[in-house]
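Under mature numbering (1 follows the signal peptide of the UniProt record, and there is no 0), the letters of the sequence shown match residues -29 to -1, 1 to 127, in that order.
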Amino acid sequence: MTSFQVWLKSYNKALFALLSILISCSAMAQSEDTVVLSGPVEKVRAGYFVVELDHVSPTLRPLSLQVSQSKSFASLLQTVPIMGNFNQVTLTGFESGHYYIRAVHQQRVVSQTAIEVTVEHYPIWQALTLFLLGALLFLLLLLTLIMGHKKAVAND
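Structure representation (structure tokens):
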């Protein structure tokens, strides 16, 4: 093997090592520029839920969450700014329906994927039934207290 071939072989090894380092640095830099969102997997029965933020780099602060009812985010329902260094955010005030949520930093989408949350409230008949049952129990309690008070006064 000639000295040129030896030099070429070591040059190729060095070039390959440099390329590997650049690729790994690029992957690390890319992972620092993305946020992983996670939310409820099952249907939400109330109008609020918690969204968890993972792998949030300090360079991505301040962060905002965009909420839409379409997967393409053609029209936004709301934008929620996340001011602190939080890893969980509670979103509230949602009606029944499907919602998509993604993370944004300075008008640039930084979440790997948008999460989908389905809100399905309890039916109104169920809420009214529970309310009326509670009112009935409260009236029974009041009636018991009044009757007991009358008996106590009568015995004195």
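Note that beta-carbon positions come from the ideal geometry of N, C-alpha and C, so glycine has one too. Quantities reported herein were computed from a predicted structural model and do not represent experimental measurements.
My output table needs one value for residue i: the three-state DSSP class, helix, strand or coil.
i        : result
Ala(-16) : helix
Ala74    : strand
Ser82    : strand
Val88    : strand
Pro29    : helix
Gln49    : strand
Val12    : coil
Phe65    : coil
Distance, Cα to Cα, residue i vs residue j?
i        : j        : result
Leu62    : Lys42    : 18 Å
Gln1     : Leu99    : Because Gln1 sits at a pLDDT of 47, beneath the cut-off of 50, its placement in the model cannot be relied upon, and the following sentence gives the value as read from the coordinates. Each residue's Cα considered, the two are about 51 Å apart.
Leu(-12) : Lys(-21) : 14 Å
Glu66    : Ile95    : 13 Å
Phe32    : Leu108   : The question names Phe, yet the displayed sequence has Arg at residue 32. Using only the alpha carbons, I get a separation of about 51 Å.
Pro52    : Thr5     : 17 Å
Lys121   : Arg16    : 44 Å
Excluding five sequence neighbours on each side, which residues of the same chain lie with their C-beta closer than 6 Å to the C-beta of residue i?
i      : result
Leu114 : none
At which residues does the alpha helix (DSSP H) containing residue i begin and terminate?
i      : result
Val124 : 95 to 126
From what residue to what residue does the beta strand (DSSP E) around residue i run?
i     : result
Ser9  : 7 to 9
Ser35 : 34 to 39
Thr61 : 59 to 62
For a quick check, are the C-beta atoms of residue i and residue j less than 8 Å apart?
i     : j        : result
Tyr70 : Val88    : yes
Val22 : Val60    : yes
Ile86 : Ser(-27) : no
Which residues in the same chain have their Cβ closer than 8 Å to the Cβ of residue i, if we skip the five residues on either side of it in sequence?
i     : result
Gln40 : Ser46, Leu48, Gly68, His69, Tyr70, Tyr71
Gly18 : Thr63, Gly64, Phe65, Glu66, Val90, His92
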